[in-house]
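Chains as they are written, first to last, in numbering that gives the first Met the number 0: chain A, 0 to 423; chain B, 0 to 423. Written below as structure tokens is the structure these notes are about.
There are 2 protein chains.
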Amino acid sequence: MNTRFYNARILTMDGGMDIMEEGELCVCGNTISYIGKEENKDKTDWDRQIDVKGNLLMPGFKDAHTHSGMTFLRSMADDLPLDRWLNEQIFPREAKLSSQDIKMCTKLAILEYLSSGITAVFDMYLTPESIDEACIESGMRCVQVGGMNNFSQSLDEQEERYLKFNSGNPLTSYMLGYHAEYTCSKELLEGLSKLSHKYNAPVYAHNSETESEVKGCIERHGMTPTQFADSLGLFDHGGGGYHCVYLSDDDIRIFKERGLYIVLNPGSNTKLASGIADIRKYMDAGLKLAIGTDGPASNNCLDMFREMFLVTGLSKLKEKDASVVDADEVLAMAVKGGAQAMGLKDCDCLKEGKKADIIMIDLDTPNMQPLNNISKNIVYSGSKMNVKMTMIDGNIRYEDGIYDIGQDPREIYKYVNDLAERLR
Amino acid sequence: MNTRFYNARILTMDGGMDIMEEGELCVCGNTISYIGKEENKDKTDWDRQIDVKGNLLMPGFKDAHTHSGMTFLRSMADDLPLDRWLNEQIFPREAKLSSQDIKMCTKLAILEYLSSGITAVFDMYLTPESIDEACIESGMRCVQVGGMNNFSQSLDEQEERYLKFNSGNPLTSYMLGYHAEYTCSKELLEGLSKLSHKYNAPVYAHNSETESEVKGCIERHGMTPTQFADSLGLFDHGGGGYHCVYLSDDDIRIFKERGLYIVLNPGSNTKLASGIADIRKYMDAGLKLAIGTDGPASNNCLDMFREMFLVTGLSKLKEKDASVVDADEVLAMAVKGGAQAMGLKDCDCLKEGKKADIIMIDLDTPNMQPLNNISKNIVYSGSKMNVKMTMIDGNIRYEDGIYDIGQDPREIYKYVNDLAERLR
Numbered sequence: 000m001n002t003r004f005y006n007a008r009i010l011t012m013d014g015g016m017d018i019m020e021e022g023e024l025c026v027c028g029n030t031i032s033y034i035g036k037e038e039n040k041d042k043t044d045w046d047r048q049i050d051v052k053g054n055l056l057m058p059g060f061k062d063a064h065t066h067s068g069m070t071f072l073r074s075m076a077d078d079l080p081l082d083r084w085l086n087e088q089i090f091p092r093e094a095k096l097s098s099q100d101i102k103m104c105t106k107l108a109i110l111e112y113l114s115s116g117i118t119a120v121f122d123m124y125l126t127p128e129s130i131d132e133a134c135i136e137s138g139m140r141c142v143q144v145g146g147m148n149n150f151s152q153s154l155d156e157q158e159e160r161y162l163k164f165n166s167g168n169p170l171t172s173y174m175l176g177y178h179a180e181y182t183c184s185k186e187l188l189e190g191l192s193k194l195s196h197k198y199n200a201p202v203y204a205h206n207s208e209t210e211s212e213v214k215g216c217i218e219r220h221g222m223t224p225t226q227f228a229d230s231l232g233l234f235d236h237g238g239g240g241y242h243c244v245y246l247s248d249d250d251i252r253i254f255k256e257r258g259l260y261i262v263l264n265p266g267s268n269t270k271l272a273s274g275i276a277d278i279r280k281y282m283d284a285g286l287k288l289a290i291g292t293d294g295p296a297s298n299n300c301l302d303m304f305r306e307m308f309l310v311t312g313l314s315k316l317k318e319k320d321a322s323v324v325d326a327d328e329v330l331a332m333a334v335k336g337g338a339q340a341m342g343l344k345d346c347d348c349l350k351e352g353k354k355a356d357i358i359m360i361d362l363d364t365p366n367m368q369p370l371n372n373i374s375k376n377i378v379y380s381g382s383k384m385n386v387k388m389t390m391i392d393g394n395i396r397y398e399d400g401i402y403d404i405g406q407d408p409r410e411i412y413k414y415v416n417d418l419a420e421r422l423r
Numbered sequence: 000m001n002t003r004f005y006n007a008r009i010l011t012m013d014g015g016m017d018i019m020e021e022g023e024l025c026v027c028g029n030t031i032s033y034i035g036k037e038e039n040k041d042k043t044d045w046d047r048q049i050d051v052k053g054n055l056l057m058p059g060f061k062d063a064h065t066h067s068g069m070t071f072l073r074s075m076a077d078d079l080p081l082d083r084w085l086n087e088q089i090f091p092r093e094a095k096l097s098s099q100d101i102k103m104c105t106k107l108a109i110l111e112y113l114s115s116g117i118t119a120v121f122d123m124y125l126t127p128e129s130i131d132e133a134c135i136e137s138g139m140r141c142v143q144v145g146g147m148n149n150f151s152q153s154l155d156e157q158e159e160r161y162l163k164f165n166s167g168n169p170l171t172s173y174m175l176g177y178h179a180e181y182t183c184s185k186e187l188l189e190g191l192s193k194l195s196h197k198y199n200a201p202v203y204a205h206n207s208e209t210e211s212e213v214k215g216c217i218e219r220h221g222m223t224p225t226q227f228a229d230s231l232g233l234f235d236h237g238g239g240g241y242h243c244v245y246l247s248d249d250d251i252r253i254f255k256e257r258g259l260y261i262v263l264n265p266g267s268n269t270k271l272a273s274g275i276a277d278i279r280k281y282m283d284a285g286l287k288l289a290i291g292t293d294g295p296a297s298n299n300c301l302d303m304f305r306e307m308f309l310v311t312g313l314s315k316l317k318e319k320d321a322s323v324v325d326a327d328e329v330l331a332m333a334v335k336g337g338a339q340a341m342g343l344k345d346c347d348c349l350k351e352g353k354k355a356d357i358i359m360i361d362l363d364t365p366n367m368q369p370l371n372n373i374s375k376n377i378v379y380s381g382s383k384m385n386v387k388m389t390m391i392d393g394n395i396r397y398e399d400g401i402y403d404i405g406q407d408p409r410e411i412y413k414y415v416n417d418l419a420e421r422l423r
């Protein structure tokens, strides 16, 4: 597909937050071939020429931590304490899932990502093969990360997947990872460290999501989850942590020295009452930040607009200072920070030669008016209703409310409703 | 207009959160004439018969505290400390507004309310006549409240408006009020108390939004804002407070004894770093609660979905308990609580004889699937994209992204953009 967008505002994010007015953006195959002011109408045999009508093109959001397959659990078990939620509601039902169930639940999540302008996800869940299939069939860009723990996903399986998914369809890739310190034995993590050194590969995991997790780790190992992982060499080739609500000063030092990414999940941390990460402190320390929705059982929606508002809003509340964590910095986390954390070097901004992972934001709506500051409008008043189009790898997968992922959304809804009914 | 909705899920909120499946709802003029299972196809000469296709009809949200006219300020002055935001950015620009400016800014807000399923607003701002005009012209239900302070809106003007707006178009009404203790002299408030007693009328005002407001009031009067207002007899006929982030135990006692409403504004309190109201405590004390967006300069969006998530989410964070402030209770605040606070006795639920203030929630979207629990889906994963239709007083004002408020939205956008440019 060759697509020409014209009459567009363009927020390239290649540098600052400047917006080009009345620009053109051309896509050849899966790559951005032109951004600028020239008219390219007759230069190629375009499959589609789209009048953007002054709306905004920008790079897609990157959901840097999620568990897509958990969609079946949405609103099945809310308003419960965390331990009862996990042990009574989540774990027993997850044990009954088939790989086909997870594939279809992942497809439901993909529909929602598209409606929220999310063009890539950093996904950790069961039966990685079915996640890979769901993403390739749907045209979703996905970086999977190992969710290894004492009960599932062995080291051998992880190595096999690392090799397989990183040499298969370029739309999907794989990073080494483990679920969390509290679900993994030391021996298992030592094995993962060896794998990381064998492939010079970064390692990701849930880290310091709750106070009790940190306390438990200190009791078990005399160290915080970050210190413990670092002591095992797990961060020698980089990587990062999901959540990171409770990092100590020494943890922050390790994150800085190892160049690790923090993936913030404010919606999930809010709904599960886990706490507010000290984002201002992380920013002051120069740490690298990205944003994720976490899974739909704990959030419950896969909505980058909500997450962006919460990243800055909760920081303002925590610091009692309305000036901290500027909206433009949050927007950068949701796009560039995520792409960098996920190793998607060609998906971080709009630029010639970069992958065509592009969204169109509808500015012709009351919540985007007036246009005093478009990037702040996106963070502070944007909503899914403003996502007019989502293009991944040069293919338009969502446009004006219509999905194009190779399967009728209602088939997917029916499957997941039936599944939820079966597992209720 | 007589409208028949069929094949609908219906959340009447007349009682609990039970949902009728495959129901019909009929509207004659501005009133709900039927809800049930019978087929009314041939019973009246319908102007429209709408196949709801299994989507959800429910009563519209009530935005119980806002300043609609501030839309021109959206994203003009974010990420600033509260005092600089008010004194450098807001007040100097407000001083330059004409009544026509406020009318058009209010219309911009009305468009956004409609897109968020808000069917009535409790509005406090300058030039109330132009707000009244904007709402009547647009078909928006509006309860205005006096924003009297030492600088604008005298007692005489307030009495005149109270009489005029409460005997004019039934779509709009008026409540007595004052901006806040810190902007009003004792004499002015004593005068308002007399007015309240003359008409047996409740009184509303900003109350205990910030710690410094409460501290200042104690310094000035030896009492909290609630105690001070009560000591002047301002609550003898009921009323309530906007924000109420910092209420003392004695304030809570006064709210309970006087039957006052608390209008929560979590989005604004978050963005301005004001704090988190102790909602669980208020609920335990049996206080009456409603929800507002506050104005678009401080929020910055007029989105009841964001507010509902924040009411429960921030409470969970504050209490460190994921089970507090159940989503269903939040949904009741956003609908019934608001209607009651605003004196809209006939707009609190869907029932024969009640006003036809109805919204249609699109369930055929990924963020509403699966349908494990529809009311929780609305609070935890709903978004403006789910508002398929907004009907006020029997008239459809918003449907599938199209607005019908008697003026082209683009004319409104242009006016407010030009205004913002002029005041920059």
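Backbone N, C-alpha and C fix where the C-beta goes; we use that ideal spot for every residue, glycine too.
Enumerate in chain order the residues of its own chain whose CB-to-CB distance from residue i is below 8 Å, with the five nearest sequence positions on each side excluded.
i, result
"Gly59 (chain A)", "Gly116, Ile117, Thr118, Ala119, Val334, Cys346, Asp356, Ile357, Ile358, Thr389, Met390, Ile391"
"Thr171 (chain B)", "Asp131, Cys134, Ile135, Arg140, Cys141, Val142, Gln143, Phe164"
"Lys280 (chain B)", "Ile251"
"Leu85 (chain A)", "none"
"Pro408 (chain A)", "Leu110, Tyr402"
"Asn299 (chain A)", "Arg73, Ser74, Asp77, Lys270"
"Ile31 (chain A)", "Leu24, Cys25, Leu349, Lys350, Glu351, Gly352, Lys353, Lys354, Ala355, Ile357"
Under the DSSP definition of a beta bridge, which residues are partnered with residue i?
i, result
"Met57 (chain B)", "B:Ile358"
"Cys25 (chain B)", "B:Arg3, B:Tyr33"
"Val142 (chain A)", "A:Phe121, A:Ser172"
"Leu96 (chain A)", "Its beta-bridge partners do not exist; DSSP assigns none."
"Arg47 (chain B)", "B:Thr2"
Note down, in chain order, every chain A residue with its Cβ under 7 Å from the Cβ of residue i.
i, result
"Ile357 (chain B)", "None at all; the shortest Cβ gap to chain A is about 20 Å."
Put residue i into one of helix, strand or coil per three-state DSSP.
i, result
"Val324 (chain A)", "coil"
"Tyr203 (chain B)", "strand"
"Leu288 (chain B)", "strand"
"Tyr241 (chain A)", "strand"
"Met388 (chain B)", "strand"
"Cys300 (chain A)", "coil"
"Asn394 (chain B)", "strand"
"Glu208 (chain B)", "coil"
"Leu349 (chain B)", "coil"
"Leu233 (chain A)", "coil"
"Arg73 (chain B)", "coil"
"Glu38 (chain A)", "coil"
Taking residue i and residue j to be in contact with their CB atoms under 8 Å, please state how far apart those CB atoms are, rounded to whole angstroms.
i, j, result
"Met103 (chain B)", "Gly176 (chain B)", "Not a contact, Cβ separation roughly 24 Å."
"Leu313 (chain A)", "Ile275 (chain A)", "5 Å"
"Ala419 (chain B)", "Asn371 (chain A)", "5 Å"
"Asn385 (chain A)", "Ile360 (chain A)", "5 Å"
"His64 (chain B)", "Tyr241 (chain B)", "4 Å"
Give every residue of the same chain whose Cβ lies closer than 7 Å to the Cβ of residue i, excluding the five residues on either side of it in the sequence, and list them in chain order.
i, result
"Gln152 (chain B)", "Gly145, Gly146"
"Glu189 (chain B)", "Leu231"
"Leu233 (chain B)", "Leu188, Leu191, Ser192, Ser195, Val202"
For residue i, which residues in the same chain have their Cβ closer than 6 Å to its Cβ, ignoring the five residues on either side in sequence?
i, result
"Ala338 (chain A)", "Lys61, Cys346, Asp347"
"Glu398 (chain B)", "Met388"
"Tyr45 (chain B)", "Position check: residue 45 (chain B) holds Trp in this sequence, whereas Tyr was assumed. Correct list, in chain order: Asn1, Arg3."
"Thr105 (chain B)", "Ser67, Gly68, Ile130, Ala133"
Using a Cβ-based criterion (distance less than 7 Å to any ligand heavy atom), does residue i qualify as near the ligand SAM?
i, result
"Pro408 (chain B)", "Absence of the ligand SAM from the depicted structure is noted, as is the absence of any ligand whatsoever, leaving it without description."
Can you list the residues of chain B that residue i reaches, using a CB-CB cut of under 9 Å?
i, result
"Pro201 (chain A)", "Under the 9 Å cutoff, chain B gives no residues; its nearest Cβ is about 31 Å from Pro201 (chain A)."
"Ala326 (chain A)", "Ser74, Asp77, Asp78"
Mind pulling the chain A residues with CB within less than 8 Å of residue i?
i, result
"Gly68 (chain B)", "Per Cβ cutoff of 8 Å: no residues; Gly68 (chain B) is ~13 Å from chain A at best."
"Lys383 (chain B)", "Asn366, Ser382, Lys383, Met384"
Quick one: list the residues of chain B neighbouring residue i, beta-carbon separation under 8 Å, in chain order.
i, result
"Ala321 (chain A)", "Asp78, Leu79, Pro80, Leu81, Trp84, Lys270, Leu271, Ala272"
"Tyr124 (chain A)", "What Tyr124 (chain A) touches in chain B: nothing, since even the nearest Cβ is about 17 Å away."
Check the Cβ of residue i against every Cβ in chain A and list those closer than 9 Å, keeping chain order.
i, result
"Phe71 (chain B)", "Pro369, Asn371"
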